[in-house]
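A short write-up of the structure that comes next.
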Amino acid sequence: MNKDIFVKAIIALVIGSALLTSCKPKNSSDAVSGDAAQKAYVAPGKYDEFYNFVSGGFSGQMSVYGVPSGRLFRVIPVFSVDPEKGYGYNEETKPMLNTSHGFVPWDDLHHTEMSQTNGEVDGRWVFGNANNTPRIARIDLKTFTTKEIIELPNSAGNHSSPFITENTEYVVAGTRFSVPADNSNGDVPINTYKQNFKGHLSFVKVGKEGDMSIAFQIQCPGVNFDLSHAGKGKSHGWMFFSCYNTEQANTLLEVNASQKDKDFIMAVNWKKAEEYIKAGKGKMTPAKYAHNVYNESTHSATSEMKTQVLVLDSKELKDICYMIPCPKSPHGCDVDPTGEYIVGSGKLAALIPVFSFDKLQNAIKNKQFEGEYDGIPVIKYEAALHGEVQKPGLGPLHTEFDGKGNAYTTFFVSSEVVKWDIKSLQVLDRVPTYYSVGHLCIPGGDSKKPFGKYLIAYNKITKDRYLPTGPELCQSAQIYDISGDKMQLILDFPTIGEPHYAQAAPADLIRNNGQLKFYKLADNKHPFVTKGEKETKVVRSGKRVDISMTCIRSHFSPDNIEGIKMGDEVYFHITNLEQDWDVPHGFSIKGANNAELLIMPGETATLKWTPDKVGMYPFYCTDFCSALHQEMQGYLRVSPAGSTVPITFSLGTNLSSATK
Amino acid sequence: MKKVKISIISKGLLLVVMLLFIGSLFVPMWRIELAAPQYPEGLVLQLYANKIGGDVEIINGLNHYIGMSTLHTENFFEFKILSYIVVGFALLSLLLIFIAKRKAVRTFFIFYMLFVVLAAIDFYRWNYEYGHNLNPNAAIKVPGMSYQPPLVGYKQLLNFGAYSIPDTGGWMLTAAGILLFFIVIKEYKFNKSETV
C-alpha cells in the first residue's frame with residue numbers, strides 16, 4: 000500500500016511540476032507558429048512586397064531591406080563616408096559632407112521619412128536626419144543616392160527630424176539640445192541654461208525638384224525636443240512636437256529631467272507662422288550653415304555656405320505655439336491617418352494619452368489654458384484629451400497605424416507591441432518582442448494611407464536571438480503579420496548600425512518611379528568627362544597632373560602612364576563608358592590613402608592620389624565586370640622629383656623608345 | 000496573247016500591298032533575340048530598312064570577347080539601298096493598279112520572290128561572315144566554334160540562345176507576298192473568262 004502512495008505521490012509531483020513549468024512565460028521560439036516561415040518566404044528570383052528604408056543609427060547610413068523577407072539590398076551612404084562606394088572620398092562627393100564645422104566624416108542617422116503627396120507616400124525621395132551635427136539629407140529613390148544635405152543652424156542634436164507635411168511642403172526639425180543661438184555669445188556658464196539656452200524648430204522648404212532651403216525657424220523655450228509628426232487632413236497646417244526636460248535641467252537629466260509629472264506636446268500652427276512671415280514679423284538673423292547639392296549631370300556636388308536664417312519668436316508672436324501637457328517625458332508623437340488623434344507616449348508612463356485635434360481647437364478658441372510656459376499658453380490636459388489607453392504596458396515609445404482604426408504602440412520596458420483601438424482606446428492584442436523594442440514601422444504607417452499588412456519592430460537589445468559575435472551583438476528587427484486580428488511574429492532579421500525609425504512603401508511604387516539604370520554618357524557634363532578612348536589624356540600643370548581616363552570591359556585607357564614625379568598631386572578622372580545596366584567599374588591604385596572609386600555606367604569620378612615613393616604603381620578594376628575583369632589593370636611609373644621622364648600614356652602599344 | 004484585266008478586288012488588294020511596303024519602312028524588318036541568364040530582360044538586334052537598331056552597343060561589347068567584328072550601319076551597303084527598293088516595290092504595286100494586267104502582277108510576284116530569295120542569301124552571307132570571320136587575338140577561342148546566327152529560328156551560341164525571326168516590317172513584307180500570291184491565283188484560276 001505504501002508503495003502505491005509513493006507512486007501516486009511521484010506522479011502528482013511530476014504532473015505538478017509540468018503544470019508549473021507550463022506557467023513559465025513562453026520563450027521566443029514558442030511565439031512563432033507553424034506558417035510563419037511561409038509568410039516570410041520570398042522564393043529565389045521573386046521580389047518582396049515592400050521596400051523598407053531603415054535608419055542606420057550610428058553608422059550614419061540608411062539601409063534598404065525587402066519586406067517580408069528581411070533581405071538587405073543596399074546601404075545608402077548619407078552622413079558617413081563609405082570607402083566602398085568612394086562616398087566622401089572621391090572629389091565629387093567630398094562637398095556633400097561639408098558643414099559650418101568643415102568636413103564631417105561621420106554622423107548618427109536616426110529617422111527616415113518618405114516624401115508624400117496628399118498625405119500618401121509618393122516614392123520620390125526619402126529624407127534622413129543627422130543627429131550630431133544637425134543636418135537633413137534628401138535621398139533620390141531613382142538612384143538610391145544622397146542628392147542634397149542642408150545643415151541646421153541654432154540646433155544641436157537634430158533628433159526631432161526629418162518629419163514632413165502632407166505635401167512635402169516642409170521637412171521639419173526640432174533641436175534635442177537647446178543651446179544659445181548661433182549669433183549670440185555661447186561662451187556662458189552652463190548653469191545659465193534657463194536664461195541663455197533656446198530651442199529652435201526648423202521648417203525646411205522642399206521644392207518640386209528637391210532644393211531644400213530653411214524657410215524659417217521658430218525660437219522656443221529651452222527644452223529638449225524629442226520627436227514630431229505633421230498633422231494631416233483636418234490638422235494639416237499643424238505640427239506636433241514632444242518635449243521633455245521642461246524642468247530645464249543642464250546636468251544629470253536622467254534624474255533632473257524626470258521630476259515633473261507632465262511635460263508637453265507642443266502644437267505648432269505653421270500656417271499661422273507663414274502669415275506672420277508675410278506680415279514681416281520674422282527676423283533675419285546671421286547664421287552659418289552649409290547647403291550641399293549633388294548635380295546629376297556634372298556628377299559632382301557643390302557646397303554653399305549660407306549666412307542668414309529667418310527666425311520667429313514664439314514668445315512674441317502669439318497663436319503659433321501651444322503646449323499640451325503629456326505625462327512623463329513624452330517620446331513618440333504620432334498622428335493617426337485621419338489627422339484627428341495625436342498620440343503622446345510618455346516613455347516613463349504606464350498609460351497612453353490620446354489627444355483630439357478638434358478638442359484642441361476648441362480649447363484654443365475658448366482659452367482653456369492652465370497657465371503659460373515661458374510665454375507659451377499651456378492648454379488644460381483634459382480640454383485636449385480624447386482619452387487614455389489604460390494599462391497598455393510599460394514605457395510606451397512609438398505608435399504607427401494600419402488605416403483600419405487601429406494603433407500599434409511599442410513598449411520599451413515591457414518589450415512588446417500592443418494593438419489598440421484608436422476610438423474606444425481598448426487594448427486588442429499584444430505580442431512580445433525580443434527585446435526592448437524601439438521604433439516600429441508599418442508601410443505608410445504615419446501617412447493618410449497605411450498598408451496594414453506587416454509591422455516591423457526595431458529592437459534595441461537582441462542578446463540570445465542570433466549566434467554571438469563577441470561583445471557587440473548584431474542589431475535586429477522583427478516582422479509581424481498584422482493582416483488578421485492577432486499579430487503574428489514571422490521573422491527576425493539583423494540590421495546595420497542601430498535601427499531607429501524606418502519607413503516602408505509598396506515595392507511597385509519605387510520600382511516603377513523611373514528607376515535609373517545608367518547615366519547617359521551624352522548628358523555627362525563633368526568638367527573632366529572623357530567620352531571616348533580617343534579623348535583620353537594626361538595633362539601636367541605644375542605639380543598637378545590630371546589623368547582623363549576611360550574604362551570599358553575590360554580595360555582602362557590609358558593603362559600605361561609614365562612621367563609622374565614625386566611631389567605631384569595626381570587626379571584620376573575616370574569615365575565609365577559602359578551604357579548598360581549593372582556594369583559599374585571600380586578603380587584603385589596601390590598606396591591610395593583614401594579609397595577606391597566605384598563608377599556607374601556613364602559616370603565620371605575622381606580620385607586624388609599623391610605618390611609617396613619612387614617606383615611602379617599598379618592599378619586595377621575592383622568591381623568584377625566581365626570574364627576578363629582580372630585582366631583589367633595598368634601601371635603608373637613614378638620617377639624622382641626633377642626627373643626628365645616625359646609624360647606619356649598609352650593603351651595596347653608599348654611606350655616609345657624615347658621614354659626608356 | 001490575251002491580255003486579261005484584273006478585278007476590282009485585286010486592285011484593292013494591290014493598294015493594301017503598296018501600303019504594306021510603305022509601312023514596313025517605319026518599323027524593324029527583322030530581329031535577332033539573344034537570351035542569357037545574366038540578361039533576364041533579353042537583348043535584341045533589330046534590322047530596319049535603313050539601320051541597325053536595338054541593343055547594338057551592348058551586343059558589340061559582348062562580341063568583342065569572341066573576336067566578332069562590331070556591327071555598324073555604315074558597313075552595310077544594303078541599308079543604303081533597301082529603302083529605295085521597298086519604295087520601288089510600293090510604286091510598282093501602285094502602277095499595277097493602273098496597268099491592271101494579270102500577267103504584269105504575276106511578273107511582279109515572281110520578281111518579288113526572287114528578291115526575297117536574294118535577300119535571304121545576302122542575310123545568310125552576312126551571318127556567315129560575322130560568325131566565322133573572328134579576330135585571331137580574341138580573348139575567348141573555342142576550337143571549332145563559330146557564331147553564325149540562324150537564318151530563321153533558334154540556335155544556342157555558347158551561353159546565348161539566339162532566336163532569329165521577322166519583326167513587324169518582316170511580317171508586313173510576308174503579308175505583301177501572300178497577298179500578291181493570292182491575287183495571282185485568283186486571277187488565273189477564277190477569272191479566265193474576262194478578256195479585253
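Sequence order for the protein chains is A and B.
Using numbering that gives the first Met the number 0, read the first sequence as starting at 0 and increasing by one per residue.
Using numbering that gives the first Met the number 0, read the second sequence as starting at 0 and increasing by one per residue.
The C-beta atom is built at its ideal place from N, Cα and C for all residues, glycine as well.
Are the beta-carbon atoms belonging to residue i and residue j less than 8 Å from one another?
{"i": "A/N97", "j": "A/N291", "result": "yes"}
{"i": "A/K287", "j": "A/V310", "result": "no"}
{"i": "A/A180", "j": "A/K193", "result": "no"}
{"i": "A/A504", "j": "A/Y50", "result": "yes"}
{"i": "B/L93", "j": "B/M171", "result": "no"}
{"i": "A/G590", "j": "A/T621", "result": "no"}
{"i": "A/F571", "j": "A/T603", "result": "no"}
{"i": "A/A626", "j": "B/I139", "result": "yes"}
{"i": "A/V53", "j": "A/T111", "result": "yes"}
{"i": "A/S154", "j": "A/S201", "result": "yes"}
{"i": "A/V637", "j": "A/M548", "result": "no"}
{"i": "A/A362", "j": "A/A382", "result": "yes"}
{"i": "A/G209", "j": "A/G118", "result": "no"}
{"i": "A/P67", "j": "A/I489", "result": "yes"}
{"i": "B/K10", "j": "B/A99", "result": "yes"}
{"i": "B/L13", "j": "B/I182", "result": "yes"}
{"i": "A/P493", "j": "A/S482", "result": "no"}
{"i": "A/G660", "j": "A/K346", "result": "Any answer about residue 660 of chain A is impossible in this case: the structure gives chain A only from 0 up to 659."}
{"i": "A/S344", "j": "A/T398", "result": "yes"}
{"i": "A/D484", "j": "A/D428", "result": "yes"}
{"i": "A/I588", "j": "A/C550", "result": "no"}
{"i": "A/P161", "j": "A/E150", "result": "no"}
{"i": "A/V171", "j": "A/M238", "result": "yes"}
{"i": "A/N130", "j": "A/H100", "result": "no"}
Quick one: list the residues of chain A neighbouring residue i, beta-carbon separation under 8 Å, in chain order.
{"i": "B/I139", "result": "A626"}
{"i": "B/Y64", "result": "S625, A626, L627"}
Let me make sure I understand the geometry here. Which of the options has the alpha-carbon closest to that of residue i?
{"i": "A/T337", "options": "A/Q474, A/Y192, A/S234, A/K38", "result": "A/S234"}
{"i": "B/G143", "options": "B/G130, B/P149, B/G152", "result": "B/G130"}
{"i": "A/G44", "options": "A/R70, A/Y340, A/A36, A/E532", "result": "A/R70"}
{"i": "B/E40", "options": "B/W29, B/D54, B/M28, B/P27", "result": "B/D54"}
{"i": "B/L133", "options": "B/G52, B/Y83, B/V26, B/N62", "result": "B/N62"}
{"i": "B/K154", "options": "B/K185, B/I31, B/T173", "result": "B/I31"}
{"i": "A/A594", "options": "A/Q367, A/Q514, A/V80, A/L200", "result": "A/V80"}
{"i": "A/L316", "options": "A/K448, A/P324, A/G374", "result": "A/G374"}
{"i": "A/V426", "options": "A/L393, A/Q218, A/V388, A/I495", "result": "A/V388"}
{"i": "A/L140", "options": "A/N523, A/L108, A/R73, A/N130", "result": "A/R73"}
{"i": "A/K536", "options": "A/A42, A/D335, A/Q474, A/I646", "result": "A/I646"}
{"i": "A/P352", "options": "A/N244, A/K390, A/G279, A/E561", "result": "A/K390"}
{"i": "B/G60", "options": "B/L70, B/F108, B/W125", "result": "B/L70"}
{"i": "A/I745", "options": "A/G55, A/D611, A/A506, A/H397", "result": "Residue numbering for chain A in the displayed model covers 0 to 659; residue 745 of chain A lies beyond these limits and cannot be assessed."}
{"i": "A/F400", "options": "A/W580, A/T609, A/V417, A/S177", "result": "A/V417"}
{"i": "B/V141", "options": "B/Y64, B/L33, B/P36", "result": "B/Y64"}
{"i": "A/C325", "options": "A/I460, A/F263, A/G443", "result": "A/F263"}
{"i": "A/I189", "options": "A/L596, A/N249, A/M95, A/Q218", "result": "A/N249"}
Identify the contact partners of residue i in chain B, using a Cβ-Cβ distance below 9 Å as the criterion.
{"i": "A/D579", "result": "D54, E56, I57, G60"}
Taking residue i as the query, report the chain B residues whose CB atoms sit under 7 Å from its CB, ordered along the chain.
{"i": "A/R552", "result": "G60"}
Please confirm if residue i has its CB atom under 8 Å from at least one CB of chain C.
{"i": "B/I80", "result": "No chain C appears in this structure, whose protein chains are A and B."}
**Asked** Listed from N- to C-terminal order along the chain, which residues in the stretch 39 to 57 of chain B have their beta-carbon within a distance smaller than 7 Å of any beta-carbon of chain A?
**Response** E56, I57
**Request:** With a floor of 3 residues, list each beta strand (DSSP E) that falls wholly inside the stretch 28 to 105 of chain A, ordered by position along the chain.
**Result:** 49 to 54, 61 to 66, 71 to 75
**Item:** Proximal residues, the stretch 501 to 518 of chain A versus chain B, C-beta separation under 9 Å
**Value:** none
**Request:** Just list the beta strand (DSSP E) runs in the stretch 17 to 102 of chain B, keeping only unbroken ones of 3 residues or longer that don't cross its boundaries, in chain order.
**Result:** 29 to 35, 38 to 46, 51 to 53
**Message:** So within the stretch 182 to 266 of chain A, which uninterrupted beta strand (DSSP E) runs reach at least 3 residues, ignoring any that extend past its ends?
**Reply:** 197 to 206, 209 to 220, 223 to 229, 237 to 243
**Item:** Whole alpha helix (DSSP H) elements within the stretch 496 to 534 of chain A, 4-residue minimum
**Value:** 506 to 510
**Message:** Runs of 3 residues minimum, wholly inside the stretch 562 to 625 of chain A: which ones carry the beta strand (DSSP E) assignment?
**Reply:** 568 to 575, 584 to 588, 596 to 598, 603 to 608, 614 to 619
**Inside the stretch 348 to 398 of chain A only - beta strand (DSSP E) runs reaching at least 3 residues** = 350 to 355, 368 to 372, 375 to 378, 384 to 389
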